[in-house]
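Chemist: Heads up: the sequence shown runs through residues 1260 to 1430, numbered per this note's numbering.
Below you'll find the structure I mean.
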Amino acid sequence: MKDSCLSVSQLLERYHDREVTEEERSLVESHLSECSACRDLITEMDELGSFLKAPIEEAVGREDFYWVWQKVEREIQPKPHLPWWESFRSWLDTSSLIRKRVWVPALAAAMLILSFFVVPVLMREDTSPMRLSAVEYVESPDYNVMIYEGEKGNMTVIWLFDLPDQEAPTS
């Protein structure tokens, strides 16, 4: 690039995007009439812009905006007050999530996360001492001792005392 190209090169992108002032625009246009390298650069920018915009314009051409217009028309017309269940039902009928089935992977992910918390709780071995132990024998009638022996050989001795029935003092 020549020295004049260096001064204009900072303005070329803004010129291409039509963001320059009138003075800058006339400066760039006069330079473009003399410099083929900068003209080629502007042409490349145009081609790149067309390359980037083509898929977007194609997708917009294929898209059906019927649902958008239906929603706009529904919003601008006055509507009577409906019971909550009818308004909820109408929301479900026009919901894009239901229509496009985006909720299926979201529901699958939620179920997977929930299963990480629920399955370990359901599959956990119950280690409560009441289910694992049983009364082996009651010692002598004088001492009132009960002995529980668990499956793993743990032993618990419980002393039972007979007290006369007394009412608790009221405070």
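Glycine residues also receive a C-beta, built at the ideal position from the N, C-alpha and C atoms.
Source: prediction; values computed, not measured.
So, do the region 1289 to 1309 and the region 1317 to 1334 have three or more beta carbon pairs nearer to each other than 8 Å?
Modeler: In short, these stretches do not touch, since the Cβ pair count stays below three.
Chemist: Considering F1375, what are the terminal residues of the alpha helix (DSSP H) in which it resides?
Modeler: Per DSSP, F1375 belongs to the alpha helix (DSSP H) from W1362 to M1382.
Chemist: Across the region 1337 to 1344 and the region 1303 to 1319, are there enough close Cβ pairs to call them in contact, namely three or more that are closer than 8 Å?
Modeler: No, because fewer than three Cβ pairs between the region 1337 to 1344 and the region 1303 to 1319 fall closer than 8 Å, the two stretches do not touch.
Chemist: Measuring CB to CB, does L1307 end up less than 8 Å from L1271?
Modeler: Cβ atoms of L1307 and L1271: not closer than 8 Å.
Chemist: Where does T1302 fall in DSSP's three states?
Modeler: Helix at T1302.
Chemist: When burial is assigned at 16 or more other CB atoms within 10 Å of the CB, is V1287 buried or exposed?
Modeler: Looking at its Cβ environment, which holds 16 or more other Cβ atoms inside 10 Å, V1287 is buried.
Chemist: Taking a contact to mean a Cβ-Cβ separation below 8 Å, would you say R1273 touches V1267 in this structure?
Modeler: For R1273 and V1267, no; Cβs fall outside 8 Å.
Chemist: Have a look at R1277 and A1318 and give me their C-alpha separation to the nearest angstrom.
Modeler: When rounded, the distance between both Cα atoms is 25 Å.
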